[in-house]
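Undergrad: Residue numbers (the UniProt record's numbering): 1 to 978.
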């Protein structure tokens, strides 16, 4: 009782505490975990934008409503968000924006309307956006801009209107002429045929102008129109002729793109005042040596030094040794991507450009890199970066880079390299980054990387390497990042990783490793910070493990063990993570772990992020203490791991936890005390959890709705599992709340009364009540009165009440002597005469009242039977209450006092009635005694049932008194035999 009162008082205190606070959650938005006052409302199904923003706080600064179905923005939609600075509405279905949709957004600086269906904009649309600096209208269906539409956004810095259907450039020029702070204007992918305009000029701050991919056939603008432009993109206007630039002032242009136009580049350079070194010569038709030499001669006459020579997409198939002889000095890089080069001939065509620093021949048709160690070799000692990515290179020969001894970055990735000569990288002692990923390499040897003493990053991802041979990386003493992911590595030879004394990041994901043998990692166990073992075949059949493979990795901060194939890790050994005192992030997702020992994470005291998503399909309940030492954990992802119980014993120690992702689990309730112990919790995801809408979750419901510090993701969308039409946040809980003072007093009084009275009633009235119930049932069916009032219609002379264990005596002795031997009594036996299919109680009542007498065959087993007890109760009722002489007692055996201690009603019967004792074989003359027994029983059966006086039937013989022991007690404590 005291415990119940204490629990009710605790509930009252918690309810009062909950009601004092107010919290937050949002219908369609999630507050960014990393950026304060930033909300993401991405991929919402509603097309009503008001439903998305109405419940957001007025302090919101950044709002992202992208990839949704919004088609219309009404007036004053964001009037409750006056502090908004960034608004993304891209990738929606917007067709209409009302004139005052952005009213009062005076602090808005960034507005993104990309990828919608806007065909027109109201001139008043941006009226209140005085602070706007960035506006994107990319990929809409605009055909024109309203006059004066940008008059109210004087601070606009970047305007992007590409991928529309604009055709009148004069209209655009007039619209932006007042934007004195505009720097970037993007008009690509429109329908301009000319840049003709009135005498308006572009803003002087406009330095970047993109007019690519239009239909320009002329410029048509004043010669001074580009006076302040520094980056001008006119590419992919195929009808734009050279003559269009006649007289144009391009002196300030520092980068000009003329790709895929009709401009003849040499003629253009001759007529233009642009600095030749600022022109991008990509896709300008320079297909052969003669055109290249002509360009070089012209460039050399105009400039002494050119920073970059960009020859991308010119369909160049071959460059001879003299092609670039007449070019000015290339200071930085020569870019030849997206041509049709089949050979670079050890870069001999750059023999006159030995000071060049960068060379790129990406996206060509190179098939091999031959040996480049000859007597007449030209050395490019200042070349630092070479890229041959995206080619068809099958082999790299010996000393292939001998002519570029000082390169620091070499990119050979995304080719088909199957053969790599042992001395391919001979001499590259200054190389720092080597990209060999996405090739067909199968074997690596010590000699392969012998000279790469300065190498820091080696990427061998997505090849076909299966074994790492001894001392393969022995000379890479400065290597910090080694990426071997996506290969077929099954094992390392004993000294396969020797020499990697400074390795910090090691990627082994997507291989075929079956064990973690960190004995190979001794060389870098004191420097390793990142170890990626994702997607291997590591598996532990049991949780038994004698040692930790990571015990000496004291600087390891990031460990990935997720998605082991094909069956997952299966188990986490108890001391598996021992020694990882510096670990910050641990990934165990997509494993099929059946057991997480309670001390699995004990050593991870510095852990900040733990991901267990989809890891533990066999773990339905996390063991108490499993997170006990993770006091620095800030983010925990435990999605879809089958958690059934969320308790304080499991999660209570995560006192610094800010983000918890619990979605897709199976708990039906969550302990509020456990959540309240997470004092730093800020973000809680409970989606797709079958939380029951019952009183059990009333406290949780109040906590989620009223907690001021914890954002419950999409709380108002959480449905009741058994009634999806109802929501968890407002399910009916009136029945759960009571006036505790009043009802606790009443309930206490009632409980005390019941505890006091119930035992008394049980002792005194149990059988009377039970008998009354059975009598009422029979009376209700109208058979009681019929049986009671018509004794002459009795069907039987006697109903025999006996226990089934005494059935042998009844069948062998009683039945022959009463129904046979000339007696002709008709007896009722339950196993013979009860009506099949009828309720047993009705059968008993019918038998007692359908017989003139009831003979109780009393034995120890009889006293234990519930049905026998009922039968004697019914007969005794007729004896005492109806004054009918209907009950005969026959004792089959002497019964000790202790066995009769529970039957006071039987004592009363024995004081009023003569009873018979069956003479056993131990008497002097059993045959004579048994004959006397049967004569007395027959005479008793023949007597009438009406009683003249109570005392007339009190006849007890001395022999019977000597054999019987009568004990007075209550009959409430029968031990009933089923």
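From the three backbone atoms N, C-alpha and C, an ideal C-beta is built for every residue, glycine too. Small disclaimer: the values here were computed from a predicted structure and weren't measured.
Since residue 106 contacts residue 85 with CB under 8 Å, what's their CB separation in whole angstroms?
TA: Along the chain shown, one-based indexing puts residue 106 at 106. Along the chain shown, one-based indexing puts residue 85 at 85. Not confirmed; about 10 Å, so no contact.
Undergrad: Beta-carbon separation of residue 464 and residue 437 under 8 Å?
TA: For the purposes of this step, residue 464 is taken as the residue at position 464 of the chain shown. For the purposes of this step, residue 437 is taken as the residue at position 437 of the chain shown. No, Cβ-Cβ distance for residue 464 and residue 437 is not below 8 Å.
Undergrad: List the residues that DSSP assigns as beta-bridge partners of residue 615.
TA: Position 615 of the chain shown, counted from the first residue, corresponds to residue 615. For residue 615, which the question treats as bridged, DSSP gives no partner whatsoever.
Undergrad: Return yes when the Cβ of residue 329 is within less than 8 Å of the Cβ of residue 355, no when it is not.
TA: Looking up residue 355 in the chain shown gives position 355. Looking up residue 329 in the chain shown gives position 329. In contact: residue 355 and residue 329 (Cβ atoms closer than 8 Å).
Undergrad: With H, G and I counted as helix, E and B as strand and the rest as coil, what does DSSP make of residue 930?
TA: Start at 1 with the first residue of the chain shown, and residue 930 comes out as number 930. It is helical.
Undergrad: According to DSSP, simplified to helix, strand and coil, what is residue 262?
TA: Position 262 of the chain shown, counted from the start, is the residue given in the question as residue 262. Here residue 262 sits in strand by DSSP.
Undergrad: In this structure, how does DSSP classify residue 854 when only helix, strand and coil are distinguished?
TA: The residue given as residue 854 occupies position 854 in the chain shown. Three-state DSSP puts residue 854 in a strand.
Undergrad: Just verifying my parser: in three-state terms, what is the DSSP assignment at residue 211?
TA: For this step, residue 211 is matched to residue 211 along the chain shown. In the structure shown, residue 211 sits in coil (DSSP, three-state: anything other than H, G, I, E or B).
Undergrad: Check the C-beta distance from residue 582 over to residue 556 and give it rounded, since I have them as a contact under 8 Å.
TA: The sequence position of residue 582 within the chain shown is 582, counting from 1. The sequence position of residue 556 within the chain shown is 556, counting from 1. Under the criterion of beta carbons closer than 8 Å, residue 582 and residue 556 qualify as touching, at roughly 6 Å.
Undergrad: Leaving out five residues before and five after residue 667 in sequence, what residues of the same chain have Cβ atoms less than 7 Å from its Cβ?
TA: In the chain shown, the residue the question calls residue 667 occupies position 667. Closer than 7 Å at the Cβ level, and outside the excluded window around residue 667, lie 643, 644, 645, 646 and 689.
Undergrad: Assuming residue 113 and residue 90 make a contact with CB atoms under 8 Å, what is their CB distance in whole Å?
TA: As a first step, residue 113 is located in the chain shown; it is residue number 113 there, counting from the start. As a first step, residue 90 is located in the chain shown; it is residue number 90 there, counting from the start. That pair is a contact at about 7 Å.
Undergrad: Less than 8 Å separating the beta-carbons of residue 559 and residue 596?
TA: Indexing the chain shown from 1 puts residue 559 at position 559. Indexing the chain shown from 1 puts residue 596 at position 596. It is not a contact, given that the beta carbons lie outside the stated cut-off.
Undergrad: Are residue 339 and residue 314 touching if we call contact CB-CB under 8 Å?
TA: Indexing the chain shown from 1 puts residue 339 at position 339. Indexing the chain shown from 1 puts residue 314 at position 314. Yes, these two residues count as a Cβ contact at 8 Å.
Undergrad: Where does residue 72 fall in DSSP's three states?
TA: Numbered from 1 along the chain shown, position 72 holds the residue referred to as residue 72. Three-state DSSP puts residue 72 in a strand.
Undergrad: Assess contact between the segment 237-255 and the segment 282-302, defined as three or more Cβ pairs (one per stretch) separated by less than 8 Å. Is contact present?
TA: In this structure the segment 237-255 does not lie against the segment 282-302, because fewer than three pairs of beta carbons, one per stretch, are closer than 8 Å.
Undergrad: Grouping DSSP H, G and I as helix and E and B as strand, with all else coil, what is residue 752?
TA: Here residue 752 corresponds to residue number 752 of the chain shown, with the count starting at 1. Residue 752: helix per DSSP, three-state reduction.
Undergrad: Quick one: using the 10 Å Cβ neighbour count with 16 as the cut-off for buried, is residue 568 buried or exposed?
TA: To locate residue 568, count along the chain shown from 1; it is residue 568. Residue burial annotation: residue 568 is buried, with at least 16 other C-beta atoms found within 10 angstroms of its C-beta.
Undergrad: I'd like to check one pair, residue 73 with residue 104: are the Cβ atoms closer than 8 Å?
TA: Residue numbering aside, residue 104 sits at position 104 when the chain shown is read from its first letter. Residue numbering aside, residue 73 sits at position 73 when the chain shown is read from its first letter. Going by C-beta atoms, residue 104 is not nearer than 8 Å to residue 73.
Undergrad: Give the DSSP bridge partners of residue 531, in chain order.
TA: What you label residue 531 is simply residue 531 of the chain shown in a count that begins at 1. DSSP, once it has assigned bridges, lists 506 and 559 as partnering residue 531.
Undergrad: Who are the near neighbours of residue 520 in its chain, counting only those whose CB is closer than 7 Å to its CB and skipping five residues on each side?
TA: Position 520 of the chain shown, counting from 1, holds the residue named residue 520. Closer than 7 Å at Cβ, skipping near neighbours: 492, 496 and 497.
Undergrad: By how many angstroms is the C-alpha of residue 122 removed from the C-alpha of residue 168?
TA: Locating residue 168 in the chain shown gives position 168, counting from the first residue. Locating residue 122 in the chain shown gives position 122, counting from the first residue. In a straight line, the C-alpha of residue 168 is about 18 Å away from that of residue 122.
Undergrad: Going by beta carbon distance, what residues of the same chain come within less than 6 Å of residue 959, once the five residues before and after it are set aside?
TA: Working through the chain shown from its first residue, we reach residue 959 at position 959. Caution applies to residue 959, whose pLDDT of 35 falls short of 50 and renders its modelled position unreliable; the model cannot decide the point.
Undergrad: By a C-beta neighbour count over all protein chains shown, 10 Å radius and 16 as the cutoff for buried, is residue 268 buried or exposed?
TA: Locating residue 268 in the chain shown gives position 268, counting from the first residue. Residue 268 should be labelled buried.
Undergrad: Could you check where the alpha helix (DSSP H) with residue 706 kicks off and where it finishes?
TA: The count along the chain shown starts at 1 and reaches residue 706 at position 706. Element bounds for residue 706: 698-706.
Undergrad: Whole angstroms is fine: what's the gap from residue 485's alpha carbon to residue 143's?
TA: Reading the chain shown from its first residue, position 485 is the one you call residue 485. Reading the chain shown from its first residue, position 143 is the one you call residue 143. Approximately 50 Å, taken between the alpha carbons.
Undergrad: Assign residue 214 to one of two classes, buried (16 or more other C-beta atoms within 10 Å of its C-beta) or exposed (fewer than that).
TA: Working through the chain shown from its first residue, we reach residue 214 at position 214. Label assigned to residue 214: buried.
Undergrad: Quick check: what's the CA-CA separation for residue 446 versus residue 471?
TA: By 1-based counting over the chain shown, the position of residue 446 is 446. By 1-based counting over the chain shown, the position of residue 471 is 471. For residue 446 and residue 471, the gap between their C-alpha atoms comes out near 5 Å.
Undergrad: DSSP three-state label for residue 396, please.
TA: Here residue 396 refers to the residue found at position 396 of the chain shown. Looking at residue 396 - three-state DSSP - the assignment turns out to be strand.
Undergrad: Thinking C-beta only, is residue 149 closer than 8 Å to residue 175?
TA: Residue mapping note: residue 175 aligns to position 175 of the chain shown, counting from 1. Residue mapping note: residue 149 aligns to position 149 of the chain shown, counting from 1. It is a contact, given that the beta carbons lie within the stated cut-off.
Undergrad: Please check the pair residue 266 and residue 295, which I expect to be a contact at CB under 8 Å, by giving their CB distance rounded to whole angstroms.
TA: Position 266 of the chain shown holds residue 266. Position 295 of the chain shown holds residue 295. Confirmed, about 6 Å.
Undergrad: Tell me residue 148's beta-bridge partners as DSSP assigns them.
TA: For the purposes of this step, residue 148 is taken as the residue at position 148 of the chain shown. DSSP lists no beta-bridge partner residue for residue 148.
Undergrad: Pick from 448, 467, 466 and 192: whose alpha carbon is nearest that of residue 475?
TA: Here the question's residue 475 lines up with position 475 in the chain shown. Comparing Cα positions, the closest option is 448.
Undergrad: Give the straight-line distance between the Cα atoms of residue 117 and residue 69, rounded to the nearest whole angstrom.
TA: Within the chain shown, the letter at position 117 stands for residue 117. Within the chain shown, the letter at position 69 stands for residue 69. Approximately 12 Å, taken between the alpha carbons.
Undergrad: Let's test the definition: count the other Cβ atoms within 10 Å of the Cβ of residue 865 and tell me whether it reaches 16, buried, or not, exposed.
TA: By 1-based counting over the chain shown, the position of residue 865 is 865. So residue 865 counts as buried.
Undergrad: Measure from the alpha carbon of residue 831 to the alpha carbon of each residue in 804, 533 and 76, then state which is nearest.
TA: Taking the chain shown and counting its residues from 1, the one referred to as residue 831 is at position 831. Of the listed residues, the one whose Cα sits closest to residue 831 is 804.
Undergrad: Out of 199, 207, 195 and 197, which has the shortest C-alpha to C-alpha gap to residue 159?
TA: As a working note, residue 159 is residue 159 in the chain shown. Nearest C-alpha to residue 159: 207.
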